[in-house]
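Peer 1: In our numbering, the protein residues as written are 24 to 225.
#1: Considering Cα atoms alone, identify which of 140, 49, 176 is closest to residue 76.
#2: Give the C-beta separation of residue 196 and residue 127 to the nearest angstrom, bearing in mind that I take them to be a contact with Cβ-Cβ under 8 Å.
#3: Which ranges would you report for the beta strand (DSSP E) in the stretch 109-174 if only whole runs of at least 3 residues count?
#4: Which residue from 122, 165, 215, 159 puts its Cα closest to that of residue 33?
#5: Taking just the CA atoms, how far does residue 42 sit from residue 93?
#6: Taking 6 Å as the limit between beta carbons, can you name the residues of its chain near residue 24, skipping five residues before and five after?
#7: Under the rule that 16 or more other beta-carbon atoms within 10 Å means buried, what is residue 84, buried or exposed?
#8: Taking C-alpha atoms, which residue in 194, 173, 167 lies nearest to residue 180?
#9: Cβ of residue 46 within 7 Å of Cβ of residue 103?
#10: Comparing alpha-carbon positions, which option in 199, 219, 96 lies nearest residue 121?
#11: Terminal residues of the continuous beta strand (DSSP E) containing residue 25?
#12: Check whether the Cβ atoms of residue 204 and residue 145 lie closer than 7 Å to each other.
#13: Would you list the one or two residues that DSSP bridges to residue 38?
#14: Return the CA-CA distance between residue 100 and residue 173, expressed in angstroms with no decimal places.
#15: Are the CB atoms of residue 148 and residue 106 nearer to each other than 7 Å?
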């Protein structure tokens, strides 16, 4: 197995699981927490992440297939999704608007199912032949709250504005398809505008 990423919360390694290329995410122990509390929190978050990925698939959104879950060692073994990140594709595509449209549709499907991704950046979306696949639900949760969905969508807008500032039309494409998939999401789109205003006046 080879380590491909290490963050504050987890390590990500690439390997083989029963002849299939896999990715293993293992949550790191926190030395500043009591062992019993740390074990419980890491286990709960691992279980929550797996559940969100499965619920997302149930809602029609691609996520990596889960191969194995270890709630003691707080480890998830999952499919390695082949393909470039949305960030890479949006930077190089001759038609980035169509990519943004597909992303917006999938985010609408997530929110319609009350799934908050928690870290909606273009680096956490892999573009595959079957469509966008969403990875890293480690900060996600289930919630019907408009505010949380608004923050989720605003994070995607920030990612688009920051990394793809030469394509201001991308977020507009996202919102159109988002509302097609989630007609009840008007309040969320409006909330993103409010969040933008808050940022300008603080």
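Don't be surprised by glycine CBs; every beta carbon is placed ideally from N, CA and C.
Peer 2: Checking against the coordinates, here is how it stands:
#1: 140
#2: Right, the Cβ-Cβ distance comes to about 6 Å (below 8 Å), so this counts as a contact.
#3: DSSP runs (the beta strand (DSSP E)) wholly in the stretch 109-174: 148-151, 154-157.
#4: 159
#5: 20 Å
#6: Same-chain partners within the cutoff: 36, 38.
#7: Buried is the call here.
#8: 194
#9: yes
#10: 199
#11: In the DSSP annotation of this structure, the continuous segment of the beta strand (DSSP E) that includes residue 25 starts and ends at 25-29.
#12: no
#13: 45
#14: 31 Å
#15: no
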